[in-house]
Every structure is written in structure tokens, then in C-alpha cells.
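Written below as C-alpha cells is the structure these notes are about.
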């Protein structure tokens, strides 16, 4: 190792000096040296942890910019970033943990939470550069989970003697019907018509 990196020799010498071997019994040298070796392993592991995080983050960034998987894998073969399969697993892990976090939050604060759908839905037909013969449909809908007011329950509002508050918090079936019947037809019209 010292032949590959000349700075390591000085580091190892300092590490041995810091053990203050001259003040120790000769019989304890092997134990001290094994402890120093353990310290070196821990330092290497810490360094690897941060390097791996940087590689993962860079690969996630490249994936988010629609970099082709073959490019990501080529850079991974050079040791610069993580493989595209690792990126896929990391994105899946992030997605699953995010869903669990939101679900737990909604369960915990179902009495006082509100979900707000922003009218930010758009539908873009675009050519995907690597496969220019195939039309892909990109869709987006913004949803915001509002901050909670824990001190009070929602203001009771009734319309025709029926509470407007949904006891299910979010009724997915009702949302789907409303989206299909009321909004999608309007949203399918191009902006320039």
C-alpha cells in the first residue's frame, strides 16, 4: 500500500507514534498493532461510505436528466458513478419510503390534515430523442400536502345538512370519477385552441 501512495507511509508512522509504544510493555505490541489496524479499516470504511454516496447521488442526478442507461453504465465501468440498476433500486427505495412517510403522516393527522390539488396538470406530447419514432406522453399533476394546525379540528361546514369534510380523508374513487368526467376532457384541449 505504501508503494502506491507515498503519503500513507507518513500517515502510518504518525499512527504508530500516536500509540506511544515506548511507554508500553513489549508484550502488548501485537494487541496495539491490531487496534491500529482496526482504526485504519474504520477510516477506510468511512471514506468508502462517502465516496459511494457521491457516486449514487451523481448517478441519480444523471438519471434525472434523462441520461441513457448505457451512458450511466459506461461511467460506472470507469468507477465514476453507480450502475443504472443501482439507480433504479435507489429510486424505488426513495419512492417506497416517501409513500410510507406520507401514509403514516396522513394516518397520524387524519383529523387535521388537508390535501390540496393545484391546477397544474398538463399533458405534453413529445419526441423522445433516443427513440425519435416513438411518441411518448408525459403527464404531471401537482399535489400539495398542507401544513397542519394541530390545535383545532377542521371548521365544521355543512352544505344541505351534509358535512363537506370527507371522513375517509381522500376518497380515491370519487377523485377518479371527478377527474375522468369533469376535468380530463377540458385538460385534453390544447392551450392554443
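Numbering (my numbering), first residue to last: 849 to 1041. Yeah, the Cβ is synthetic: ideal placement off N, Cα and C, and Gly gets one too. What you are looking at is a predicted structure, and each value in this text was computed from that prediction instead of being measured.
What residue range is occupied by the uninterrupted alpha helix (DSSP H) comprising residue i?
i	result
residue 926	Per DSSP, residue 926 belongs to no alpha helix (DSSP H) and is neither H nor E.
residue 857	854-866
residue 951	932-956
Determine the DSSP secondary structure at residue i, reduced to helix, strand or coil.
i	result
residue 1006	strand
residue 877	helix
Where does residue i land, buried or exposed, given buried means 16+ other C-beta within 10 angstroms?
i	result
residue 864	exposed
residue 911	buried
residue 935	buried
residue 943	exposed
residue 983	Its pLDDT being 44, under 50, residue 983 is placed unreliably by the model, and the measurement read from it follows with that caveat. The residue is exposed, with fewer than 16 neighbouring Cβ atoms inside 10 Å.
residue 907	buried
residue 924	buried
residue 890	exposed
residue 929	buried
Taking the C-alpha atoms as reference points, what is the distance between residue i and residue j?
i	j	result
residue 909	residue 867	43 Å
residue 1030	residue 1021	14 Å
residue 888	residue 862	12 Å
residue 956	residue 1011	22 Å
residue 876	residue 900	36 Å
residue 858	residue 922	36 Å
residue 931	residue 898	17 Å
residue 933	residue 871	53 Å
residue 904	residue 945	17 Å
residue 949	residue 958	14 Å
residue 880	residue 919	47 Å
residue 952	residue 1025	26 Å
residue 860	residue 874	19 Å
residue 1043	residue 1009	Residue 1043 is absent from the structure shown; the chain starts at 849 and stops at 1041.
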